[in-house]
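So the protein sequences, as listed, match chains A and B. Take the first sequence: its letter number 94 is residue 102 in this note's numbering, and every next letter is one higher. Take the second sequence: its letter number 171 is residue 583 in this note's numbering, and every next letter is one higher. Where is the CB? At the ideal position from N, CA and C, for every residue including glycine.
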Amino acid sequence: MAVPVIAAPPQNAPPRRERVTGLWPALAAPGIVWLLLCFVFPLYVVLCIVFGQVDPLFRTPIPVWNPLQWDPSQFAYVLTHIVGADGIFGPALLRTAVYVVAASSLCLLIAFPVSYYVARLSGRRKGLLLALLIAPFWISYMMRMFAWVNLLQNDGIVNKVLSFGGLLSVNVDWLTGQPVVVILGLVYGYVPYMILPLYAGLDRLPQPVLEASRDLGADRFSSFWRVTLPLCRPTILAAVLLTCLPMLGDYFTSDMLSASPKTAMVGNLINDSVHAPGRTGQAGAFVMLVFLVALLPMLYYIRVTSRRDAVAS
Amino acid sequence: MRGPVTWWNDPWRPPRFLVGITIGYLAWSLLPVAIAVLYSFNNGRSRTTWQGFSLRWYWGDKTLSVWHNDALHTALLQTLKLGVVTTAITLPLGVLFAIGIDRWRGRLPAGANFLMLISFVLPEVLLAVALLFVITTIALPISLGTAAQVIGLITFQVSYPAVLVRARLATIGPQYEEAAMDLGASRLGALRRIILPMLMPAIFASTVLVFADVIDDFVLVRYLSGDAATEPVSVKIYNTARGAPTPALNALATLLLLAALTAVVVGFLIYRYMTRGESADRGIGAFAGEV
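Laid out in structure tokens, this is it:
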């Protein structure tokens, strides 16, 4: 699950007397073949299934390999059922957008101050704090969700704490269809993936520039607002994208913490239809939709990270 | 007596607000897991009420403990098997790929690099469903189960060693290799005797990273698992968490946590030993993929 910071190394100018050699293509070949076979080809298969036929008897998908014979009826079915009178998929898509935006904003509100403190002000305790901050990276996502399932049981610790040892009787049913719980679960799950890139970016901020801004008369606030923040805008964008992208495909957080269609996200639509007879094409159509929505952020992320490194070096 | 204005302008005042939020965040992120670990030692069946300390759910219980229950220790073994096999194949594939596309100039390697970066940020569920479609609709010699899981995990993880190794290659620069070749080494010899040893820390860090990441993976391994026998720990937790699990599930999760933390801590110590004498930043951050 971990999506760490990437920094695509800069393309150095080619050395002048580079002779043509077969060594580098030979080294890269297995990886390229692997990516073509196991990454590009499966995505093509998704298209062939979305625009393919459904076996009338067994309701299993029949992929159509020739793009000229593709039949858009399954994809059109999904698109026409998003908005309007029979918009059965619309609410889940809207909910996904709301949850992802809310959870990423909360993530940023938590992650920025924490990584700012650890990267710039923590002094001697930096190593220990950093180790604690990235510890959740190596704790299974499922285990962290399971920990909350335990705490949020009807007789769990959260209800016990809220009722102040029996003073009040609080019996909130946290684990069925509570949007707040799902959003906080997403925040809990994905905050570490935002903290690490933010930490790396804030750690690299040039200290002399910040000191210069104070020397030249900026107070704390305007120094932060006019120097620190613009300097780390690419980092913040990259960090937000890194948390948003996996959240878009998330279905297990909602399943673990709510298990109710009232909090279903687009990931749940994929997960529920992928094994349902006759609806495999729909799952493929949702996969395509998420891919299309995620494509621009992905391209932007790759551009930001490569450009940042080109500037840095 | 200092006024608030003096306090605000004091450049040495401790950042109390930031300290508070950091401590609060750390408590929020780590305490729930610590409580789950604690309850794996509970003497009773409850995961919410403490009934005394015991190792019952690890091996004391004759039918339900991790040690005695087939389903639970099969899951743990499957997780470790996937971790080892995937890491063993991903590493050479990713390292060679990185060296290859770093040195090979042209449109084709640039495209391959782009493809690798896309696979890096693609939501995992998309790849998982795509691979599931491939395996279920095309007559392949591979069926759902360990082989399919390994293929999916390699595809998803191969970018980690590639990204880390390319970053390291960029800091090494071409001069050592050129010196070796001026002194008579062949291209392959220079690669094997100069570049590969210098890449070792990056290769090692990505080994640990890939292993720790694979044993925590959920989405791919769930879609590509064939039956209950190939379901690893994360899938087991997902399947039973909302039912009425015993603390044996906490014990299983704790053992997985222990495996990941051991790998990272031992790996970090070895990494520190390998990079001793280097002035570059060799902190724990390298182990979470910070380049």
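Where residue i meets chain B, residues with beta-carbon distance less than 9 Å
{"i": "residue 69 of chain A", "result": "545, 548, 549"}
{"i": "residue 152 of chain A", "result": "441, 444, 445, 448"}
{"i": "residue 115 of chain A", "result": "Simply none; closest approach about 11 Å."}
{"i": "residue 259 of chain A", "result": "537, 631"}
{"i": "residue 4 of chain A", "result": "Nothing about residue 4 of chain A can be reported from this structure: the residues present for chain A run from 9 to 321 only."}
Contact set between residue i and chain B, taken where Cβ atoms lie within less than 8 Å
{"i": "residue 292 of chain A", "result": "541, 545"}
{"i": "residue 85 of chain A", "result": "Residues of chain B passing the Cβ test: none, with the nearest at roughly 18 Å."}
{"i": "residue 267 of chain A", "result": "654"}
{"i": "residue 78 of chain A", "result": "Chain B residues near residue 78 of chain A: none, gap ~15 Å exceeds 8 Å."}
Identity of the residue in the options nearest residue i by Cα
{"i": "residue 263 of chain A", "options": "A/90, A/103, A/185, A/61", "result": "A/185"}
{"i": "residue 115 of chain A", "options": "A/76, A/201, A/51, A/47", "result": "A/201"}
{"i": "residue 152 of chain A", "options": "A/86, A/193, A/255, A/223", "result": "A/193"}
{"i": "residue 510 of chain B", "options": "B/582, B/538, B/498, B/686", "result": "B/582"}
{"i": "residue 629 of chain B", "options": "B/681, B/443, B/648, B/641", "result": "B/648"}
{"i": "residue 160 of chain A", "options": "B/673, B/424, B/454, B/653", "result": "B/653"}
{"i": "residue 265 of chain A", "options": "A/169, A/111, A/154", "result": "A/154"}
{"i": "residue 450 of chain B", "options": "B/664, B/684, B/682, B/603", "result": "B/664"}
{"i": "residue 90 of chain A", "options": "A/162, A/304, A/277, A/283", "result": "A/277"}
{"i": "residue 182 of chain A", "options": "A/195, A/117, A/51, A/157", "result": "A/157"}
{"i": "residue 444 of chain B", "options": "B/584, B/637, B/459", "result": "B/459"}
{"i": "residue 50 of chain A", "options": "B/598, B/585, B/512, B/537", "result": "B/537"}
{"i": "residue 422 of chain B", "options": "A/93, A/222, A/303, A/247", "result": "A/222"}
{"i": "residue 284 of chain A", "options": "A/108, A/42, A/62", "result": "A/62"}
{"i": "residue 196 of chain A", "options": "A/133, A/224, A/148, A/87", "result": "A/148"}
{"i": "residue 433 of chain B", "options": "A/45, A/119, A/36", "result": "A/119"}
{"i": "residue 72 of chain A", "options": "A/86, A/142, A/252, A/53", "result": "A/53"}
Start-to-end residues for the alpha helix (DSSP H) that takes in residue i
{"i": "residue 74 of chain A", "result": "Here residue 74 of chain A belongs to no alpha helix (DSSP H), and DSSP marks it neither H nor E."}
{"i": "residue 651 of chain B", "result": "645-652"}
{"i": "residue 485 of chain B", "result": "482-515"}
{"i": "residue 264 of chain A", "result": "260-265"}
{"i": "residue 248 of chain A", "result": "241-256"}
{"i": "residue 559 of chain B", "result": "558-569"}
{"i": "residue 151 of chain A", "result": "149-159"}
{"i": "residue 56 of chain A", "result": "49-58"}
{"i": "residue 440 of chain B", "result": "428-451"}
{"i": "residue 216 of chain A", "result": "215-223"}
{"i": "residue 210 of chain A", "result": "187-211"}
{"i": "residue 680 of chain B", "result": "659-686"}
{"i": "residue 610 of chain B", "result": "608-627"}
Contacts that residue i makes with chain E (C-beta to C-beta distance below 9 Å)
{"i": "residue 628 of chain B", "result": "Going by chain labels, chain E is absent from the structure shown, which instead holds the protein chains A and B."}
Contact belief for residue i with residue j at Cβ below 8 Å, rounded distance in angstroms
{"i": "residue 491 of chain B", "j": "residue 645 of chain B", "result": "5 Å"}
{"i": "residue 40 of chain A", "j": "residue 122 of chain A", "result": "Not quite, the Cβ-Cβ distance comes to about 40 Å (not below 8 Å), so this is no contact."}
{"i": "residue 235 of chain A", "j": "residue 218 of chain A", "result": "6 Å"}
{"i": "residue 609 of chain B", "j": "residue 452 of chain B", "result": "So it is not a contact: roughly 43 Å between Cβ atoms."}
{"i": "residue 256 of chain A", "j": "residue 301 of chain A", "result": "7 Å"}
{"i": "residue 531 of chain B", "j": "residue 466 of chain B", "result": "Rounded, the Cβ-Cβ distance is 46 Å, inconsistent with contact."}
{"i": "residue 598 of chain B", "j": "residue 144 of chain A", "result": "At roughly 46 Å, the Cβ-Cβ gap does not stay under 8 Å, so residue 598 of chain B and residue 144 of chain A are not in contact."}
{"i": "residue 427 of chain B", "j": "residue 125 of chain A", "result": "6 Å"}
{"i": "residue 207 of chain A", "j": "residue 127 of chain A", "result": "5 Å"}
Chain-ordered chain A contacts of residue i [CB-CB under 8 Å]
{"i": "residue 774 of chain B", "result": "Outside the modelled stretch of chain B, which goes from 413 to 703, sits residue 774 of chain B, for which no answer is possible."}
{"i": "residue 528 of chain B", "result": "39, 43"}
{"i": "residue 508 of chain B", "result": "35, 36, 38, 39"}
Contacts that residue i makes with chain B (C-beta to C-beta distance below 7 Å)
{"i": "residue 124 of chain A", "result": "430"}
{"i": "residue 63 of chain A", "result": "None at all; the shortest Cβ gap to chain B is about 11 Å."}
{"i": "residue 161 of chain A", "result": "460"}
{"i": "residue 275 of chain A", "result": "537"}
{"i": "residue 29 of chain A", "result": "599"}
{"i": "residue 299 of chain A", "result": "538"}
Closer than 7 Å: residue i CB and nearest the ligand GTP heavy atom
{"i": "residue 116 of chain A", "result": "Within the structure as shown, the ligand GTP is missing, as the structure has no ligands at all."}
Per-residue contacts from residue i into chain A (C-beta, under 7 Å)
{"i": "residue 531 of chain B", "result": "43, 47"}
{"i": "residue 646 of chain B", "result": "148, 150"}
{"i": "residue 427 of chain B", "result": "125, 129"}
{"i": "residue 624 of chain B", "result": "146"}
{"i": "residue 673 of chain B", "result": "146"}
Contact set between residue i and chain A, taken where Cβ atoms lie within less than 9 Å
{"i": "residue 614 of chain B", "result": "Chain A residues near residue 614 of chain B: none, gap ~11 Å exceeds 9 Å."}
Under 8 Å: do the segment 75-92 of chain A and the segment 279-291 of chain A share three or more Cβ pairs, one atom per stretch? Yes: at least three Cβ pairs fall under 8 Å.
Three-pair Cβ contact test at 8 Å for the segment 614-622 of chain B versus the segment 464-471 of chain B: The answer is no - the segment 464-471 of chain B does not touch the segment 614-622 of chain B, with fewer than three Cβ pairs under 8 Å.
Is the number of C-beta pairs between the segment 297-311 of chain A and the segment 228-237 of chain A that are closer than 8 Å three or more? Too few Cβ pairs lie closer than 8 Å, so no.
Could you check whether the segment 259-277 of chain A touches the segment 89-103 of chain A, counting it as contact only if at least three pairs of C-beta atoms, one from each stretch, sit closer than 8 Å? Yes, the segment 259-277 of chain A is in contact with the segment 89-103 of chain A.
Quick test of the definition: if touching needs 3 or more C-beta pairs under 8 Å, does the segment 527-539 of chain B touch the segment 547-557 of chain B? These segments do not touch.
Contact between the segment 627-636 of chain B and the segment 488-508 of chain B (3+ Cβ pairs under 8 Å): In short, these stretches touch, since the Cβ pair count reaches three.
Counting pairs of beta carbons, one from the segment 565-578 of chain B and one from the segment 590-601 of chain B, are three or more of them closer than 8 Å? Verdict: no, contact absent.
Pair every Cβ in the segment 292-308 of chain A with every Cβ in the segment 56-73 of chain A, then say whether three or more of these pairs are closer than 8 Å. When Cβ pairs closer than 8 Å are counted between the two stretches, the segment 292-308 of chain A is seen to touch the segment 56-73 of chain A, the count reaching three or more.
Decide if the segment 237-256 of chain A is in contact with the segment 507-521 of chain B; the criterion is three or more beta carbon pairs, one per stretch, under 8 Å apart. Result no; under three Cβ-Cβ pairs closer than 8 Å.
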